[in-house]
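Enquirer:
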Amino acid sequence: MRAYAISETKFVQLGFNIMTTSIFTYQTLLNGQLVPSSEMTNLAFSGFAHFTALQVRNKRIKGLDLHLGRLRIASIKLYGRALSDDLVLSHINLAIKNGPENQSITIIIFSPKGEFTTESMHSEPAILIRTSPPENGPLGPLRLAVIHHERTLPEIKHVGEIGKTYYLHQAKRQGFDDAVFINKNGNLSEGTIWNLAFWDGESVIWPKADMLEGTMMEIIKRQLTKLNIPQRCESIDLNQLSKLKGAVVMNSWTPGICVTEISSNKFKGSDQLVSILRKAYHCEPEENVLMDKI
């Protein structure tokens, strides 16, 4: 098998001398093998693809069943078939086994037949795993601009979504930190790379709209249920924001980042919501993939 690794090197300049220190080489694995440079061009144009992103801490993962389920369901919808959970786990195991204690892992499922062809309709999907340094997300608090936008196939975490970055830039130009989307019905749905949650002083409220239901969101939901903390799902328009006490965004990086403003609506109780969500996330068990699944 051909082998190729993408390495990262840290340079520290001290006076006129440059000291070079090697750090961990994060890897890109295609079907379990290090990706050859000759194949990188084709991968760059594999847009008919979906993915999941997860965090590894102490070589353990939370919500593994949710990540596997996401990949399986999206593959069946896009390709009419899915790689087995055991096969996907074997690739995750390899990345964790050869990696540091803490890291980020992105698992991409794509069609080797490429885009703009009917050959990709029923092709056997391939799996690409990319490792990178661990992420915890921004500290916050965040101020969010409201932008009218609806993602294509919102229930699938697909690659190449130009809108996420474009609308982030639009929000920054307006003086905000990021953006949240509002649909054609006037209801809030999700953020650029985030799920939303709100707090009315008693219950956690999830927006009711077409969106990607993230793995962190699903972790929090099931742990809130176990903790007997009230939660509900309802349509939320801009007029309702003034009645809510707190708001957060979340994704695989973090269970909650405080949001202090959405458009002109300010929230004073977001810290309380963040505390509740972090408690729920802490209750989610970690899985040792190396021992439990392989």
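Numbered by full-length UniProt numbering, the letters in the sequence shown go through residues 1 to 294 in order. The beta-carbon is built from N, C-alpha and C at its ideal position, and this holds for glycine as well. Computed from a predicted model, the values in this text were never measured in an experiment.
Rounded to a whole number of angstroms, what is the C-alpha to C-alpha distance between Phe-198 and Pro-255?
Expert: Their Cα atoms are separated by approximately 13 Å.
Enquirer: Using the rule of at least 16 other Cβ atoms within 10 Å of the residue's Cβ for burial, across every protein chain shown, is Arg-151 buried or exposed?
Expert: That one is buried.
Enquirer: Taking the alpha-carbon of Gly-160 as reference, which of Arg-81, Glu-115, Ile-76, Val-88 has the nearest alpha-carbon?
Expert: That would be Glu-115, whose Cα lies nearest to the Cα of Gly-160.
Enquirer: Please report the straight-line C-alpha distance between Ile-247 and Ser-123, rounded to a whole angstrom.
Expert: The sequence given here has Ala at residue 247, not Ile. Taking the straight line from one Cα to the other gives about 42 Å.
Enquirer: Cβ of Leu-273 within 9 Å of Cβ of Asp-237?
Expert: Their beta carbons are not under 9 Å apart, which means Leu-273 does not touch Asp-237 by this criterion.
Enquirer: Alpha carbons only, please: which of Ser-264, Asp-200, Ser-263, Thr-260 is nearest the one belonging to Cys-233?
Expert: Nearest of Ser-264, Asp-200, Ser-263, Thr-260 to Cys-233, Cα basis: Asp-200.
Enquirer: I need the straight-line Cα distance from Thr-21 to Gln-174, nearest angstrom please.
Expert: With a pLDDT of only 43 at Thr-21, under 50, the local geometry of the prediction cannot be trusted, and the value read off the model is given with reservation. When rounded, the distance between both Cα atoms is 40 Å.
Enquirer: Would the beta-carbon of Asp-177 fall within 9 Å of that of Pro-138?
Expert: Their beta carbons are under 9 Å apart, which means Asp-177 touches Pro-138 by this criterion.
Enquirer: Whose C-beta lies closer than 7 Å to the C-beta of Val-259 among residues of the same chain, with five residues either side of it excluded?
Expert: Contacts found: Pro-141, Leu-142, Leu-144, Ala-247, Val-248, Val-249, Phe-267, Ser-270.
Enquirer: Looking only at C-alpha atoms, which of Leu-68, Lys-59, Arg-60, Ile-61 sits nearest to Thr-52?
Expert: Per the Cα distances, Leu-68.
Enquirer: Grab me the residues of Lys-97's own chain with a C-beta within less than 7 Å of its C-beta, minus the 5 sequence neighbours each way, in chain order.
Expert: Same-chain partners within the cutoff: Leu-290.
Enquirer: What whole-angstrom Cβ distance do Leu-89 and Pro-125 have, given they're in contact under 8 Å?
Expert: Actually they do not touch by this definition, with Cβ atoms about 16 Å apart.
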